[in-house]
Every structure is written in C-alpha cells, then in structure tokens.
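Visitor:
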Amino acid sequence: MLQLLLLQYMDVSQEAIDYMASDQPDSRFGSGNQPTGKTLSLEAVRNVTSRANQYKDYYRQKRERPGMHIEFLTQALTNIDKIIQITERLLTSDFGSDENALQAAKTQAPSILLRQELRKLERGWDNQELSPKEYQAQRLLLEYQALLRRRGILRRRLKAAQSDFIVSGNSPLKDHEIAHVWGIPLGSLAARKVKALQQFLTKLQQHQEIPSAPNEASQPIDLWQETLHLLSRRPIERSMVEYDGLEKTEEALLDKLRAFVSGNMSEPEESKFWTSITKVNDTEFSGTWKSHARSILAFQRLHALLNDMDFSDEGLEEELRAKIYPQLPDDQLATESEEKPVVLGEMGLGVLSAFSGEQDDKRRG
Numbered sequence: 011m012l013q014l015l016l017l018q019y020m021d022v023s024q025e026a027i028d029y030m031a032s033d034q035p036d037s038r039f040g041s042g043n044q045p046t047g048k049t050l051s052l053e054a055v056r057n058v059t060s061r062a063n064q065y066k067d068y069y070r071q072k073r074e075r076p077g078m079h080i081e082f083l084t085q086a087l088t089n090i091d092k093i094i095q096i097t098e099r100l101l102t103s104d105f106g107s108d109e110n111a112l113q114a115a116k117t118q119a120p121s122i123l124l125r126q127e128l129r130k131l132e133r134g135w136d137n138q139e140l141s142p143k144e145y146q147a148q149r150l151l152l153e154y155q156a157l158l159r160r161r162g163i164l165r166r167r168l169k170a171a172q173s174d175f176i177v178s179g180n181s182p183l184k185d186h187e188i189a190h191v192w193g194i195p196l197g198s199l200a201a202r203k204v205k206a207l208q209q210f211l212t213k214l215q216q217h218q219e220i221p222s223a224p225n226e227a228s229q230p231i232d233l234w235q236e237t238l239h240l241l242s243r244r245p246i247e248r249s250m251v252e253y254d255g256l257e258k259t260e261e262a263l264l265d266k267l268r269a270f271v272s273g274n275m276s277e278p279e280e281s282k283f284w285t286s287i288t289k290v291n292d293t294e295f296s297g298t299w300k301s302h303a304r305s306i307l308a309f310q311r312l313h314a315l316l317n318d319m320d321f322s323d324e325g326l327e328e329e330l331r332a333k334i335y336p337q338l339p340d341d342q343l344a345t346e347s348e349e350k351p352v353v354l355g356e357m358g359l360g361v362l363s364a365f366s367g368e369q370d371d372k373r374r375g
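Position one of the sequence shown corresponds to residue 11 (the numbering used here), numbered consecutively onward.
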C-alpha cells in the first residue's frame, strides 16, 4: 500500500506485485467465499506490472513537467536581467538618457502599446523625420520596455510553476488509482489504507526525538505531509520522451522554440505558444497519458537552445545594436550605378560562335 501511495518516489517491488496479483478476487466467486490456495497467474502479474508502470510514469512526469518549467524560467530570468542591465547602460552612456527617463519608461511599460509605437517609429523613419541616432534611441527605449514586460510575464509564470511543482510533489496516488493497479474493488481498499498508514505513522513517530522546552506547548506535526515534503526534495528523474505531433512537424516546433527563446515573438503569439507547450490534461480521464510528456519534450529542446546561445556581455550588446539599427529605404539600398548589359565585341562573338557551332541551313529559316 505504501509503495503505491508513494509511487512517484519509490518503485514497486516484485514481491509486492506478486502479492497484489495473487490477492485479486476471483470473479467466478463474486457472491461467495474466495477459494484458498490460489495459483499465481502470469497474466495477472503482467497486468499489475503494466498498470503500476503506467501510473509511475504519469505521476513522475507530472512532477517533472513543472520542475523543468522552473529550471527554464529561472535561467531565462537571469539572462533577461542581464540584457536589461546592458540596455540601461547603453541608454545612459550612448544615447544620453537620464534616470528620470528610465523611471518614466518603467512606469509606462505595463500599459504602453508596443506594436503601435513601433509602427509609429517606423513611419517616422521612412518619412525621414528622424536622424539615425534619434531612431536608435527611441527604438532601444521601446526594446527596454518590451524586456521589462517580458520579465514581469516570466516572473508570474515562474510563480505558477513553483505552485504546480509543490502540488504535484505532495500528491500521492488516489484511492481509485490504487484499486485499479491492485485489481481489487474500491470498497475493500479503505480499511487496508487506514491500517497501512496507521502502522507507518506509528513506526515513524517512534523515531521522532524533538525535545521541547519546559512549559512550552509542542505543536502537532503532520507526519504524512512531512514525509511527502521530504520526499519532494529528491532530484527530478529525467524522462525519455518522443515527439508526438506538437506544431505538426518537429522542424516547425524547433523554429517556434528558437523564436520564443530569442524573444522574437510578439506578446500575443508568445502567450499562445506558451499555453500550447505547457497545458496538460491533468487526469487520465480527460486526456491522453502523454500530456505531460508533450511539455517535457518542448522544454528539453528549450534547454538545449538556451545552452547554445551566446549570453556574454559582448554578444548581447551586439545583438541589441543589430536590433535597433535602422533599415535603409529601398531607394537608398543600391547607391552605386546599376549594372549595364555587357556588349560583346567582334572577338567575343567569334568565340561564342565557335562554341555554339555552325547552324544547319535548314534550321536557319
């Protein structure tokens, strides 16, 4: 019983599997006494093992999924803090922004309409109303506000992931799931569960040695919740998952992941994509068993992309400068004289005729 309750932290022993397989009631004696000395069925052992492994993978991936979210978001927040510091340095040192301008940008960041402001800035540049340095200063200020908004979004996502991780780590198997693995009626499970937990907690309490000060009332300890809390500190086991059709093709998924991790997605598109790679059907009754594995696969790819990116100060500054560099109008892209068609001389025509050969008289007409 304890091995099933704590299935996401411990494996079910072969002895326990054999016991559960032999303990299953015989459906042929549903209204009478069960026969004694039942033989151990190989098929029953195989079925119990399969169901135990299915729930084990499900619950361990249920904990692994928010754990990977926390790891990614923590690293992403560290990187974005670094980019924000570089942006503030560029604004003050290269473009003359003072502390008041930065504070005003921080205040306006949550409510500013970034897409409209970007379009307005591009129109001003196309109409030659701005100098290159003015364009870069305003473009970098908008990029600064976009980074501040993204950092706020990532912090809220990190808080939600931490809450999910705590809930998943403190979730033992439910009664109907234990009965399903064991192969026994749900009604006969309650007494077994109470007896097993009572014996476990009694043994655990005997090992508790917490001296209390005199005249001090000792606080009662929930030993079962403390057990789950202690087990939840164990390292997360990594799963081997396969691609199952997210974003239709794996190449399309990788392209979107690259755009997401580099911050090249718009806010609505990024929010929609985040939902698609994190949402799950949280029970086996409302969706497939692989709903957690789908998110795990996406974040495994995200971790690999993060590790391949250059987050040095020089690399980040160069990327920022390239992003704010104004695009030249079409009529200024080619300032050199246009290429003129080459006219062959008499010698060139002779060489060309030698290579092409003489044409037949019948084909000349």
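Yeah, the Cβ is synthetic: ideal placement off N, Cα and C, and Gly gets one too.
(1) Hey, which unbroken runs of the alpha helix (DSSP H) at 4 residues or more fall wholly within the stretch 255 to 293?
(2) By Cβ distance, which residues of its chain are closer than 8 Å to isoleucine 176, with the 5 residues on each side in sequence left out?
(3) Out of Arg304, Lys66, Ser107, which one is the CA nearest neighbour of aspartate 254?
(4) When we look at the beta-carbon of histidine 302 and count the other beta-carbons within 10 Å, is it buried (16 or more) or exposed?
(5) What number of angstroms, rounded off, separates the C-alpha of glutamine 85 from the C-alpha of glutamate 279?
(6) Please work out which residues of its chain come closer than 8 Å, Cβ to Cβ, to isoleucine 94, disregarding the five sequence neighbours upstream and downstream, and give them in chain order.
(7) Quick one: which unbroken alpha helix (DSSP H) runs of 4-plus residues sit fully inside the stretch 63 to 138? Chain order, please.
(8) May I have the straight-line CA-CA distance separating asparagine 274 from arginine 75, to the nearest angstrom?
(9) Considering only residues of the same chain and omitting the five flanking positions on each side of glutamine 216, which have a CB-CB separation below 8 Å?
(10) Between the beta-carbon of tyrosine 145 and the beta-carbon of isoleucine 334, is there less than 9 Å?
(11) If you measure between the beta carbons of leucine 402 and arginine 311, is that distance less than 9 Å?
(12) Can you give the Cα-Cα distance for leucine 315 and alanine 308, rounded to whole angstroms?
(13) What residue range is occupied by the uninterrupted alpha helix (DSSP H) comprising valine 251?
(14) Please determine if the stretch 61 to 78 and the stretch 113 to 129 are in contact, where contact requires at least 3 C-beta pairs separated by less than 8 Å.
(15) Name the two residues that bound the continuous alpha helix (DSSP H) containing leucine 157.
(16) Identify the continuous alpha helix (DSSP H) that holds valine 204 and give its terminal residues.
(17) Quick one, are the C-beta atoms of leucine 50 and aspartate 28 less than 9 Å apart?
(18) Throw me the rounded Cβ distance for the valine 22 and alanine 62 pair, which I believe falls under 8 Å.
(19) Looking at the secondary structure, which residues open and close the alpha helix (DSSP H) in which aspartate 33 lies?
(20) Take every Cβ of the stretch 125 to 143, pair it with every Cβ of the stretch 245 to 253, and state whether three or more of those distances are shorter than 8 Å.
(21) Could you check which residue in His186, Ile246, Ala115 has the C-alpha nearest to that of lysine 72?
(22) Let me know the secondary structure DSSP gives serine 322 once reduced to three states.
(23) Do you know offhand how far lysine 282's Cα is from alanine 269's?
(24) Answer yes or no: do glutamate 98 and leucine 87 have a C-beta to C-beta separation smaller than 9 Å?
(25) Please identify the residue among Leu207, Ser272, Glu329 whose C-alpha is closest to the C-alpha of proline 182.
(26) Can you tell me which of the three DSSP states lysine 333 falls into?
(27) If you reduce the DSSP assignment to three classes, tell me which class serine 347 lands in.
(28) Around the C-beta of leucine 196, are 16 or more other C-beta atoms found within 10 angstroms, so that it is buried, or is it exposed?
(29) Name the residue from Trp284, Tyr65, Leu214, Asn317 whose alpha carbon lies nearest to the alpha carbon of alanine 170.
(30) Measure the C-alpha to C-alpha separation of alanine 26 and glutamate 236 and round it to an integer number of angstroms.
(31) For glutamine 337, count neighbouring C-beta atoms within 10 Å of its own C-beta (all shown protein chains included) and say buried if the count is 16 or more, exposed if not.
(32) In its own chain, which residues sit with a C-beta less than 8 Å from the C-beta of phenylalanine 82, not counting the 5 before and 5 after it?
(33) Identify, in the order they occur along the chain, each residue of the same chain with its Cβ nearer than 7 Å to the Cβ of leucine 101, setting aside the five sequence neighbours on each side.
(34) Check whether the Cβ of lysine 333 lies closer than 8 Å to any heavy atom of the ligand MN, and answer yes or no.
(35) Straight-line CA distance for histidine 190 to phenylalanine 210?
(36) Identify whether leucine 7 lies in helix, strand or coil by the three-state DSSP scheme.
Guide: By the coordinates alone:
(1) DSSP runs (the alpha helix (DSSP H)) wholly in the stretch 255 to 293: 260 to 272, 277 to 288.
(2) Ser242
(3) Arg304
(4) buried
(5) 21 Å
(6) Tyr154, Leu157, Leu158, Arg161
(7) 109 to 118, 124 to 136
(8) 24 Å
(9) none
(10) yes
(11) There is no way to answer for residue 402, as the model of the chain reaches only from 11 to 375.
(12) If you draw a straight line from the Cα of leucine 315 to the Cα of alanine 308, it comes to about 11 Å.
(13) Neither: valine 251 is in no alpha helix (DSSP H) and is coded neither H nor E.
(14) Segments in contact, no.
(15) Its alpha helix (DSSP H) spans residues 142 to 179.
(16) Valine 204 -> alpha helix (DSSP H) spans 199 to 216.
(17) With respect to the 9 Å criterion, leucine 50 and aspartate 28 are classified as neighbours on the basis of their beta carbons.
(18) 5 Å
(19) Here the alpha helix (DSSP H) through aspartate 33 covers 24 to 33.
(20) no
(21) Ile246
(22) coil
(23) 13 Å
(24) no
(25) Leu207
(26) helix
(27) With a pLDDT of only 44 at serine 347, under the threshold of 50, the placement of this residue in the model should not be trusted, and no figure is reported.
(28) exposed
(29) Trp284
(30) Approximately 25 Å between the Cα atoms of the pair.
(31) exposed
(32) Around phenylalanine 82, the same chain offers Phe309, Leu312, His313, Leu316 as residues with beta carbons nearer than 8 Å, after the five sequence neighbours per side are excluded.
(33) Ser107, Leu112, Leu150, Leu151, Tyr154
(34) The model depicted lacks the ligand MN and carries no ligand whatsoever.
(35) Their Cα atoms are separated by approximately 22 Å.
(36) Beyond the ends of the chain as shown, which are 11 and 375, falls residue 7; an answer cannot be given.
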